[in-house]
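Novice: I have a structure I would like to understand better, so I am pasting it below and will then ask my questions one at a time.
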Amino acid sequence: MKNLLTLLAAMTSLSAYTLVGVHATCAACPPSLGNLASTIRCVDNKGITFCNYEKAGITSRHCYYNNKGEIQIHSNALCQGKVQTTTCPSLCK
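Per mature numbering (1 follows the signal peptide of the UniProt record, and there is no 0), the sequence shown runs over residues -16 to -1, 1 to 77.
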């Protein structure tokens, strides 16, 4: 039983490494969105990159991109339609 749990933990760790690791490609969040600065960049378990932009006293804006840098639904209208790609950030919590 202990070996099974160890194996499952290793498989989970490797799966996360493959998604977020050196070989994975994710969207690169632009450094700003209008007058808002980038505050969070993370990727979900489906490979969608989440970019959050905010400024003190202003509601935050969100942009979502697939692993090709193409904008996804629920993104703010100010988000760029396509962005460059780079290595993946950490998984979103």
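Beta carbons are placed, not taken as given, at the ideal position from N, Cα and C, and that holds for glycine.
If you follow the beta strand (DSSP E) that residue 20 is part of, which residue opens it and which one closes it?
Specialist: First-last of the beta strand (DSSP E) with residue 20: 20 to 27.
Novice: Which of the three DSSP states is assigned to residue 5 in this structure?
Specialist: Here the model assigns residue 5 a pLDDT of 48, short of 50, so the residue's position is not dependable, and the following value carries that caveat. Coil, per DSSP.
Novice: Note down the Cα distance separating residue 77 from residue 60, rounded to an integer number of angstroms.
Specialist: For residue 77 and residue 60, the distance between alpha carbons rounds to 21 Å.
Novice: Assuming residue 44 and residue 35 make a contact with CB atoms under 8 Å, what is their CB distance in whole Å?
Specialist: At roughly 10 Å, the Cβ-Cβ gap does not stay under 8 Å, so residue 44 and residue 35 are not in contact.
Novice: So who's on the other strand from residue 43, going by DSSP bridges?
Specialist: Partner(s): none; residue 43 has no beta bridge.
Novice: Report buried or exposed for residue 75, applying the criterion of at least 16 other Cβ atoms within 10 angstroms of its Cβ.
Specialist: By the neighbour-count rule (16 or more Cβ atoms within 10 Å), residue 75 is not buried but exposed.
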